[in-house]
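One structure is given below, encoded as structure tokens.
Residue numbers (our numbering): 7 to 175.
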């Protein structure tokens, strides 16, 4: 698979960025600048480093214990085309896919880039909405503030409206 994307970094083995044993990719660049964000180093679109998609795919699939991949950030939906290309390959290999976004599901559907919807179509779960420091809650699973939702993406796309993944409500 040809192409590159700008990343802030990766975590090869995570249990906090989604269900099960996962690989987490932190994209570089974020327009949201949420107060209290714990990934400030990912905000600058000129920061991070370019990585070959083939290299990322090999790394994501190198550990047979890793059952899922999470796209975090930064803002993953600022780079939807390379993430979509990765997601197609990961899905073909049976990986569970999840993304974090400072955009709401409704806002994502309104973005003009056609790869946003294509990427959504590959995801199993989406944590949507900006981190809101006043609603910070460390007891929530896979999200940092109470305004954020953990959505069942296939059900949300079918309904054309956000549908909670009930086990994470």
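Where is the CB? At the ideal position from N, CA and C, for every residue including glycine. Model, not experiment: these values are computed from the prediction.
- Under the three-state reduction of DSSP, residue 133 is assigned to strand.
- For the options 168, 141, 163 and 170, the alpha carbon positioned closest to that of residue 41 is the one of 141.
- Of the other Cβ atoms in all chains shown, 16 or more fall within 10 Å of the Cβ of residue 12; this residue is therefore buried.
- The Cβ atoms of residue 134 and residue 107 sit closer than 8 Å to each other.
- Within the segment 43 to 89, the complete alpha helix (DSSP H) segments of 4 residues or longer fall at 59 to 66, listed in chain order.
- The count of Cβ pairs closer than 8 Å, one atom from the segment 102 to 122 and one from the segment 20 to 36, reaches three, so the stretches are in contact.
- Counting only residues of its own chain and dropping the five nearest sequence neighbours on each side, residue 157 has a CB closer than 8 Å to the CB of 111, 131, 132, 133, 134, 168, 169, 170 and 171.
- Cβ contact annotation for residue 136 (same chain, cutoff 7 Å, sequence separation greater than five): 38, 40 and 108, in chain order.
- Under the DSSP assignment, residue 32 falls in the beta strand (DSSP E) whose first and last residues are 28 to 33.
- For residue 138, there is no enclosing alpha helix (DSSP H), since its DSSP letter is neither H nor E.
- Here the alpha carbons of residue 63 and residue 114 stand approximately 25 Å from one another.
- With respect to the C-alpha of residue 93, the residue from 79, 80, 118 and 75 having the closest C-alpha is 75.
- A distance of 8 Å or more separates the beta carbons of residue 78 and residue 129.
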